[in-house]
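What follows is a short report on a single structure.
Residue numbers (the working numbering), protein chains in the order written: chain A, 1 to 224; chain B, 225 to 675.
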């Protein structure tokens, strides 16, 4: 059964009088536990695709299903719930809250899913331990290195046990050695049975995933 | 996300920007403190005015006055005997809605005691009812009795000031039982009225006493006022302190008899007739009853009218209302300004936190969560501002008391604290709505991209 399914999805933007077809009829099926990368030059529609997969946006036309939820015309509350429960985001620029320490950052998704204080703390500490940052749990993100920040972000992405991990250029701000270690963590998640989607512009990174979805001008051009 | 978490988060956010939060609170602080202070101020003034109103007899006191005869009745003018003591009897007999009535006959006299300098005052001859009509309270002794009137006893009730001047340096209440001379005729003081003073006079007296204690010099006695109309600041209470009250008959026989033929206590023209209405709920009915009684004694000639103090009291009430309203208006304006200030700061704070809002949305915050978050923050700012405002107002009231010793003392009204904090919360709520709406409607994608 497909975790993510797109059928003839179109996303149109209006800029002045001009209509921009960011996605022009995309069909993608991603199964449970797949490790895929979405690749393409800038302007190819891969960011738009990622926003749709991440439930930050809804398609203009076509059918979008994520983890059994039909999101073609979903309310913003349903989108928020799916983001909270089913999707874990890992961003290029980490997107940690600078005012919160590592543990509080990891707790953030659980605050919005209504998990109580003690349980929240326990699970956050468990996740921080899993990414090997227990000693930095009370530090602010500004006191951490880039690789450590990205590991905090991964801990945050995993803390609500989502089925899909969505990583947007996760190695973009890191040196190659650290980047490799982050990719290794993602590969580990795939081995645990999670669906991992990697968005990148770098074919070398895309090469680590068994499946590569190449985007160009709003179309999927290669589907191996 | 529950309320406790939101409150905690908001407090943290406010603590992170302490100075900015304090600045945004300042409007609310000023609004709340000025609201409480003005209410306290007007409460003090109101208390003073109401006290004055009851001490001068209240709305219940009505005076029968002479009036120009209407053209219809002008030819019969000599049928009416004018205001006489028969009018007082008539009202007493046939106006059950009037509880007390008394004629007034006045005469200028020189009062002296133990060979001291005489005081020039107006003595008033009255009935025992006069005490209730004018709300006189005795400090010592008794008031004029029915027997005094019947037998025209040579007794007198004096105001506090009179007793104090006749025996300077002595306790005025000790004057009871002593002899005084009115135009060289001996009278016995049977009662002394209590000292009437307005709040401002009281404070002035206290200050004077304090400075006298320091300077060790006896205070110079102030000149006797000449009563209503002549002094710059007419003080109705001063008349009570300078009262010299005799039995009605005594005053007539001592000072008025034999002034013209056929002059008896029954037909001497009176200076005044005053009465007290039993129940203000039947004010007009009581006046009507008195008018019918007087129609008989005046043989149908409409040469009398009634002077009620409705107008005077009404204007005092209106003045109080205006004071209260203008105070509330000023406080209201500063609360509105405070609310606008909070809106402004919240909008700035949101612009600073666009990315944070985007991240929160991405990990699952609903629009509602963001909305509530911002709203709670602005309500908390105004609430804390309100609390600071209360403390500030307490200081402000103390300052007001200190810098205005001859005003009515401001009185803290506990209910205004509740009201003003309520208004502060409302201001916070209203001022937070727009920023909260704006923050919660940010597009998460745009917010995440925001640098």
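By construction, the Cβ of each residue, glycine as well, lies at the ideal position given by its N, Cα and C atoms.
**Study point:** DSSP bridge partner residues for residue 167/A (one or two, in chain order)
**Key:** DSSP lists 90/A and 198/A as partners of residue 167/A.
Review point. Could one say the Cβ of residue 22/A lies closer than 7 Å to chain B's Cβ atoms, at least one of them?
Key: Not an interface residue.
Review point. What residues from chain B crowd round residue 99/A, counting only those whose CB sits closer than 7 Å?
Key: Near residue 99/A (Cβ distances below 7 Å), the residues of chain B are 240.
Check your understanding: Are residue 562/B and residue 466/B close, meaning C-beta to C-beta below 7 Å?
Key -> No; because the gap between Cβ atoms is not below 7 Å, this pair is not in contact.
Review point. DSSP state of residue 241/B, grouped into three classes?
Key: Here residue 241/B sits in coil by DSSP.
Exercise for review: Answer with buried or exposed for residue 675/B, where buried requires no fewer than 16 other C-beta atoms within 10 angstroms of its C-beta.
Suggested key: The residue in question, residue 675/B, is exposed, as its Cβ has fewer than 16 Cβ neighbours within 10 Å.
Point to revise | Three-state secondary structure (DSSP) of residue 215/A | key: Three-state DSSP puts residue 215/A in a strand.
Check your understanding: From the beta carbon of residue 76/A, is the nearest beta carbon of chain B less than 7 Å away?
Key -> By this cut-off, residue 76/A is an interface position.
Exercise for review: Taking residue 347/B as the reference, give the member of 357/B, 335/B and 436/B with the closest Cα.
Suggested key: If we check each option's Cα against that of residue 347/B, 335/B comes out closest.
Practice item. In the DSSP assignment, find the unbroken alpha helix (DSSP H) run with residue 547/B in it and report its ends. Key: Start and end: 534 to 576.
Point to revise | Local Cβ density within 10 Å of residue 374/B, reported as buried at 16 or more and exposed below that | key: That one is exposed.
Check your understanding: How would you label residue 353/B, buried or exposed, when you count the other beta carbons within 10 angstroms and need 16 or more for buried?
Key -> By the neighbour-count rule (16 or more Cβ atoms within 10 Å), residue 353/B is buried.
**Study point:** Partner residues on chain B for residue 109/A, Cβ-Cβ distance less than 7 Å
**Key:** Within chain B, the residues whose beta carbon sits less than 7 Å from that of residue 109/A are 587 and 588, listed in sequence order.
Practice item. Could you tell me whether the Cβ atoms of residue 198/A and residue 88/A are closer together than 7 Å? Key: For the 7 Å CB-CB criterion, residue 198/A and residue 88/A do not form a contact.
**Study point:** Integer-rounded CB distance, given that residue 610/B should sit under 8 Å from residue 645/B
**Key:** About 4 Å separates the two Cβ atoms, so the contact holds.
Exercise for review: Measuring only between beta-carbons, confirm whether residue 576/B sits less than 7 Å from chain A.
Suggested key: Not closer than 7 Å to any Cβ of chain A, the Cβ of residue 576/B fails to qualify, so no.
Practice item. Would you kindly work out how many angstroms separate the C-alpha atoms of residue 612/B and residue 253/B, rounded to a whole number? Key: Taking the CA atoms as reference points, residue 612/B sits about 6 Å from residue 253/B.
Check your understanding: What are the complete beta strand (DSSP E) segments, minimum 3 residues, inside the segment 100 to 181 of chain A?
Key -> 164 to 168, all fully within the segment 100 to 181 of chain A.
Check your understanding: From 136/A, 31/A and 97/A, pick the residue whose C-alpha is nearest to that of residue 65/A; which is it?
Key -> If we check each option's Cα against that of residue 65/A, 31/A comes out closest.
Review point. Counting pairs of beta carbons, one from the segment 265 to 277 of chain B and one from the segment 473 to 481 of chain B, are three or more of them closer than 8 Å?
Key: With the cut-off at 8 Å, the segment 265 to 277 of chain B and the segment 473 to 481 of chain B do not touch.
Practice item. Taking the CB atoms as reference points, tell me whether residue 170/A and residue 185/A lie closer together than 7 Å. Key: Cβ atoms of residue 170/A and residue 185/A: not closer than 7 Å.
**Study point:** Pair within 7 Å by beta-carbon distance, residue 574/B and residue 668/B
**Key:** No, they are not a contact pair.
**Study point:** 7 Å Cβ cutoff, residue 580/B in contact with chain A
**Key:** For residue 580/B, the answer is yes, since a Cβ of chain A falls inside 7 Å of its Cβ.
Exercise for review: Taking 7 Å as the cut-off, decide whether the C-beta atoms of residue 390/B and residue 337/B are in contact.
Suggested key: At a Cβ-Cβ threshold of 7 Å, residue 390/B and residue 337/B count as neighbours.
Exercise for review: Starting from the C-beta of residue 332/B, find all residues in its chain whose C-beta is less than 8 Å away, skip the five residues before and the five after it, and write them out in chain order.
Suggested key: Excluding sequence neighbours, residue 332/B sits near 344, 345, 346 and 347.
Practice item. Answer yes or no: does any C-beta atom of chain B fall closer than 7 Å to that of residue 120/A? Key: Residue 120/A has a beta carbon lying at 7 Å or more from every beta carbon in chain B.
Point to revise | Amino acids of chain B, ordered along the chain, whose beta-carbon sits closer than 7 Å to that of residue 113/A | key: Those are 588, listed as they occur along chain B.
Check your understanding: Can you list the residues of chain B that residue 70/A reaches, using a CB-CB cut of under 9 Å?
Key -> Against chain B, the beta carbon of residue 70/A has no neighbour under 9 Å; the closest one sits roughly 19 Å away.
Exercise for review: Classify residue 112/A as buried or exposed, calling it buried when 16 or more other Cβ atoms lie within 10 Å of its own Cβ.
Suggested key: When all chains shown are included, residue 112/A counts as buried.
Practice item. Starting from residue 293/B, trace the beta strand (DSSP E) both ways and give me its first and last residue. Key: Element bounds for residue 293/B: n/a, residue is neither H nor E.
Exercise for review: Quickly, what does DSSP pair residue 319/B with across the bridge? List them, please.
Suggested key: Note: residue 319/B sits in no beta bridge, so no partner.
Check your understanding: For residue 451/B, which three-state DSSP category applies?
Key -> At residue 451/B the pLDDT is 43, less than 50, meaning the model places this residue with poor confidence and gives no usable figure here.
**Study point:** Cut-off 7 Å between Cβ atoms - residues of its own chain near residue 283/B, not counting five sequence neighbours on either side
**Key:** Excluding sequence neighbours, residue 283/B sits near 504, 533, 534 and 537.
Review point. At a Cβ threshold of 7 Å, is residue 668/B touching chain A?
Key: For residue 668/B, the answer is yes, since a Cβ of chain A falls inside 7 Å of its Cβ.
Check your understanding: Under a CB-based cut-off of 7 Å, is residue 583/B close to chain A?
Key -> Cβ-Cβ to chain A under 7 Å: yes for residue 583/B.
Check your understanding: Quick one: does residue 139/A have its CB under 7 Å from some CB of chain B?
Key -> False, the Cβ-Cβ gap to chain B never drops below 7 Å.
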